[in-house]
Amino acid sequence: MFFFFFNIENRIGLKKLSDADLGKSVKSNQTHIGLYNDVLTFLGNNVVTSAMLIYGNYCQLLDCYFDRIENPDGTFRSPKIRLGGNDSDSIVHKIREFAAQKPNEEWYILWSGLDNKDLVFWLINNKSEDFRFIKDLISSKVKIITGNDIEYENLRNIIVNKINQASLDIQKDIEIVAEVGDISKKYKAFDIEKAKRNLALIGKRGEELVNAHLERELSAQRISSFEWLNKSKESGLPYDFILNDHRANKQYIDVKSTRFDFNQNIVFSSQEANFVNEMPCNESYSVYRIFSMNEADGILRICNNCSAYMTELNKSISVFKQDISRSKTLLLNMNLSVKPADCFMNIQEPIIL
1 MFFFFFNIEN RIGLKKLSDA DLGKSVKSNQ THIGLYNDVL TFLGNNVVTS
51 AMLIYGNYCQ LLDCYFDRIE NPDGTFRSPK IRLGGNDSDS IVHKIREFAA
101 QKPNEEWYIL WSGLDNKDLV FWLINNKSED FRFIKDLISS KVKIITGNDI
151 EYENLRNIIV NKINQASLDI QKDIEIVAEV GDISKKYKAF DIEKAKRNLA
201 LIGKRGEELV NAHLERELSA QRISSFEWLN KSKESGLPYD FILNDHRANK
251 QYIDVKSTRF DFNQNIVFSS QEANFVNEMP CNESYSVYRI FSMNEADGIL
301 RICNNCSAYM TELNKSISVF KQDISRSKTL LLNMNLSVKP ADCFMNIQEP
351 IIL
């Protein structure tokens with residue numbers, strides 16, 4: 001799992017949203033949703049941050065405007081999340097948008113903090129499948145669930161599972177951002193660094209799985225020999241294995257691993273793209289795509305014949321380099337992100353590793 005709870009607080013808020021919270025009250029022009037004092041205590045008193053909103057299968061990181069009211073004596077009370085500006089894509093705005101689509105239903109939010117100190121809000125209505133998770137708590141009029149409550153651990157696990165299931169697209173995007181080394185305002189450095197650590201582990205494990213696969217191929221005499229370039233340390237080369245067949249042909253193998261599905265974009269460095277473009281024939285280079293990885297195993301699909309894609313790509317890059325050279329600008333490095341099916345003309349059947 002990628003997202004976990006922020007364990008310093010160990011508190012989850014649960015609230016039935018009022019008409020005023022949902023912007024439906026004819027007597028109120030309320031522009032916020034009120035929260036409880038004893039949840040999100042780690043936040044400052046006037047914070048603009050990002051927050052994750054989950055509703056059914058919907059999951060997005062949105063703007064969150066959090067503040068508290070200051071008392072005359074300098075203390076603070078009544079935490080809330082505000083609507084934000086007219087053009088703001090905020091948590092409150094989106095909650096009200098969803099609620100307006102089903103005006104006759106009752107609406108609830110669960111909220112807490114993630115380990116990256118982002119906030120998470122889970123929007124649930126009383127007609128949804130997710131309502132079963134909070135039905136008993138609603139009946140008991142529970143408002144705050146703490147680490148001392150018997151319900152806490154089970155509810156926390158339910159929320160964590162929901163977050164990780166609903167946020168797959170976010171997790172996939174973070175993986176790409178981490179792999180290309182991009183600086184993103186959308187995601188926190190905490191998450192990108194975490195994804196980088198995961199990528200390092202996944203990359204190493206993927207190569208180990210390919211090594212074991214090639215050992216089996218060698219034992220079955222389907223190949224003549226192979227060499228794992230990164231076995232002892234990272235070689236820095238644009239490939240990870242060299243495979244020799246019985247006709248003394250060499251094949252250069254680049255292992256590209258992901259814990260997500262096969263269609264997750266593959267990232268190529270400019271060094272890798274140049275290397276592929278210089279290959280004498282299509283059969284000289286393959287990507288061994290390892291996907292749906294866990295700690296023990298993964299699935300392999302061997303991808304061949306990307307020369308047509310790389311040739312056209314390098315032509316475009318050359319034109320771009322020439323264009324920017326007129327302004328005395330150099331393209332020093334780049335990364336490319338592409339779906340396997342858009343790059344390779346030959347993709348073999350899956351092999352369970």
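Under UniProt numbering, the first residue of the sequence shown is numbered 1, with each subsequent residue one higher. The C-beta atom is built at its ideal place from N, Cα and C for all residues, glycine as well.
Limits of the unbroken alpha helix (DSSP H) element including residue i
| i | result |
| --- | --- |
| Y65 | Unbroken run through Y65 is the beta strand (DSSP E), 58–70; no alpha helix (DSSP H). |
| L137 | 135–139 |
| P79 | No alpha helix (DSSP H) contains P79, which is instead part of the beta strand (DSSP E) from 76–82. |
| C303 | That residue, C303, is in no alpha helix (DSSP H); its beta strand (DSSP E) goes 299–304. |
| D118 | No alpha helix (DSSP H) contains D118, which DSSP labels as neither H nor E. |
| C343 | 340–343 |
Best match in the options for proximity to residue i [C-alpha to C-alpha]
| i | options | result |
| --- | --- | --- |
| A248 | I202, E208, S225, F241 | S225 |
| H32 | T41, V39, G85, P72 | G85 |
| L168 | N57, N198, S307, E106 | N57 |
| P340 | F268, L209, I134, F42 | F268 |
| D63 | N335, I81, I176, I202 | I81 |
| F66 | P72, Q60, N37 | N37 |
| M345 | N305, L61, L137, S318 | N305 |
| E234 | E175, K204, V48 | K204 |
| residue 362 | Y108, D342, V120, L214 | Since the first residue shown for the chain is 1 and the last is 353, residue 362 is missing from the structure and cannot be characterised. |
| Q221 | H246, G236, T311 | H246 |
| T313 | I242, S337, N161, E227 | Here the sequence assigns Leu to residue 313, which means Thr is not the residue at that position. When each option's Cα is compared against that of L313, the closest is S337. |
| V48 | I290, G74, E70, S90 | S90 |
| I174 | F190, I159, Q165, N161 | F190 |
| S286 | S292, N244, L110 | N244 |
| N294 | Q271, S232, G206, E272 | G206 |
| E227 | H213, S128, I242, L214 | I242 |
Start-to-end residues for the beta strand (DSSP E) that takes in residue i
| i | result |
| --- | --- |
| M310 | Not the beta strand (DSSP E): M310 falls in the alpha helix (DSSP H), residues 307–325. |
| residue 354 | The requested residue 354 does not occur in the structure, where the chain is confined to residues 1 to 353. |
| Y288 | 285–291 |
| T146 | 144–146 |
| S28 | From DSSP, S28 is part of no beta strand (DSSP E); its letter is neither H nor E. |
| F42 | Unbroken run through F42: none, as it is neither H nor E. |
| N244 | 241–244 |
Three-state secondary structure assigned by DSSP to residue i
| i | result |
| --- | --- |
| L155 | helix |
| P103 | coil |
| I163 | helix |
| I124 | strand |
| I95 | helix |
| I150 | coil |
| K16 | strand |
| I8 | coil |
| L110 | strand |
| L353 | coil |
| L168 | helix |
Residue i at chain D interface by Cβ criterion, 8 Å
| i | result |
| --- | --- |
| G84 | Going by chain labels, chain D is absent from the structure shown, which holds only one protein chain. |
Residue i: CB within 7 Å of a non-hydrogen atom of the ligand GDP
| i | result |
| --- | --- |
| E272 | With respect to small molecules bound, the structure shown includes none, and the ligand GDP cannot be examined in it. |
Q: With a floor of 4 residues, list each alpha helix (DSSP H) that falls wholly inside the region 248–279, ordered by position along the chain.
A: Counting whole runs of 4 or more residues, the region 248–279 contains the alpha helix (DSSP H) stretches 270–277.
Q) Which runs of the alpha helix (DSSP H) fall wholly inside the region 177–239 and span at least 4 residues, in chain order? A) 189–219
(Q) With three or more C-beta pairs closer than 8 Å as the rule, is the region 341–353 touching the region 293–310? (A) Short answer: they touch.
Q: Decide if the region 104–123 is in contact with the region 43–61; the criterion is three or more beta carbon pairs, one per stretch, under 8 Å apart.
A: yes
Q) Okay, do the region 10–29 and the region 135–153 touch, 3+ Cβ pairs below 8 Å being the bar? A) yes
Q: Mind the definition here: the region 256–265 touches the region 190–202 only if three or more C-beta pairs lie below 8 Å; say whether that holds.
A: yes
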